[in-house]
Amino acid sequence: TVSDVAVSAGGAGYTPGSIAVTCVAACTGSGLQATFQVGAAGDITSVAITNHGSGFSLSAPPELTAVGGAGANLTAIIPHGAVLVPRPKINFLNRPTAGVRVVEIVGSSFGVAA
Numbered sequence: 004t005v006s007d008v009a010v011s012a013g014g015a016g017y018t019p020g021s022i023a024v025t026c027v028a029a030c031t032g033s034g035l036q037a038t039f040q041v042g043a044a045g046d047i048t049s050v051a052i053t054n055h056g057s058g059f060s061l062s063a064p065p066e067l068t069a070v071g072g073a074g075a076n077l078t079a080i081i082p083h084g085a086v087l088v089p090r091p092k093i094n095f096l097n098r099p100t101a102g103v104r105v106v107e108i109v110g111s112s113f114g115v116a117a
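For the sequence shown, the positions run 4 to 117 when the numbering used here is used.
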């Protein structure tokens, strides 16, 4: 599961679109889908993951490419162990008044050997 996409260089000349995901060599994951937004110069300013995919590993991450411009450097962030899925922030003013509060933990191999 890919938890985030880091943008270490935004490049230039891009228009908003989808990120191409390529698995080469030992990469065995699938299903990752993401889109990106750009600034005034066509530089990539943010990435939104629409499907986190599954089966990706730190040792063989997918290659991420934004089509249409040049110079962007995108890196898949693949956590080891548990992945906490973001939920809306809750504080005193917007906390639920009733119901169960839930934290969803997604992943496998939480330090337990079979």
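Ideal placement from N, C-alpha and C gives every residue a C-beta, glycine not left out.
(message) Using the three-state DSSP reduction, which class does SER49 fall into: helix, strand or coil?
(response) Looking up residue 49 in the sequence shown gives position 46. In the structure shown, SER49 sits in a strand (DSSP, three-state: E or B).
(message) One question on the structure: do ALA28 and ALA63 come within less than 7 angstroms of each other, judged by their Cβ atoms?
(response) Numbered from 1 along the sequence shown, position 25 holds the residue referred to as residue 28. Numbered from 1 along the sequence shown, position 60 holds the residue referred to as residue 63. Yes; because the gap between Cβ atoms is below 7 angstroms, this pair is in contact.
(message) Determine whether the beta carbon atoms of VAL70 and ALA23 lie at a separation below 7 angstroms.
(response) By one-based count along the sequence shown, residue 70 stands at place 67. By one-based count along the sequence shown, residue 23 stands at place 20. Contact: yes.
(message) Contact defined as beta carbons within less than 8 angstroms: I believe VAL41 pairs with THR18. What is the distance between those atoms, to the nearest angstrom?
(response) Locating residue 41 in the sequence shown gives position 38, counting from the first residue. Locating residue 18 in the sequence shown gives position 15, counting from the first residue. VAL41 to THR18, Cβ: 6 angstroms. Contact.
(request) Within 10 angstroms of the Cβ of ALA73, are there 16 or more other Cβ atoms? Answer buried if so, exposed if not. (result) In the sequence shown, the residue the question calls residue 73 occupies position 70. The residue is exposed, with fewer than 16 neighbouring Cβ atoms inside 10 Å.
(message) Quick check on ALA75: buried or exposed, where buried means 16 or more other Cβ atoms within 10 Å of its Cβ?
(response) Here residue 75 refers to the residue found at position 72 of the sequence shown. Label assigned to ALA75: buried.
(request) Could you give the DSSP three-state label for VAL115: helix, strand or coil? (result) Position 112 of the sequence shown holds residue 115. For VAL115, the pLDDT reaches just 48, beneath the cut-off of 50, and the residue's location in the model is therefore unreliable, leaving the point undetermined.
(request) Return the residue from the list PRO82, SER21, ILE81, THR4 that minimises the CA-CA distance to SER49. (result) The residue labelled residue 49 in the question sits at position 46 within the sequence shown. Of the candidates PRO82, SER21, ILE81, THR4, the one whose C-alpha sits nearest the C-alpha of SER49 is SER21.
(request) Helix, strand or coil for SER62, going by three-state DSSP, please let me know. (result) Mapped onto the sequence shown, residue 62 falls at position 59. Coil.
(message) If you follow the beta strand (DSSP E) that ILE22 is in, where does it begin and where does it stop?
(response) As a working mapping, residue 22 is identified with position 19 in the sequence shown. Counting along the chain, the beta strand (DSSP E) containing ILE22 begins and ends at 20-25.
(request) For HIS83, count neighbouring Cβ atoms within 10 angstroms of its own Cβ and tell me buried if that reaches 16, exposed if not. (result) Locating residue 83 in the sequence shown gives position 80, counting from the first residue. That one is exposed.
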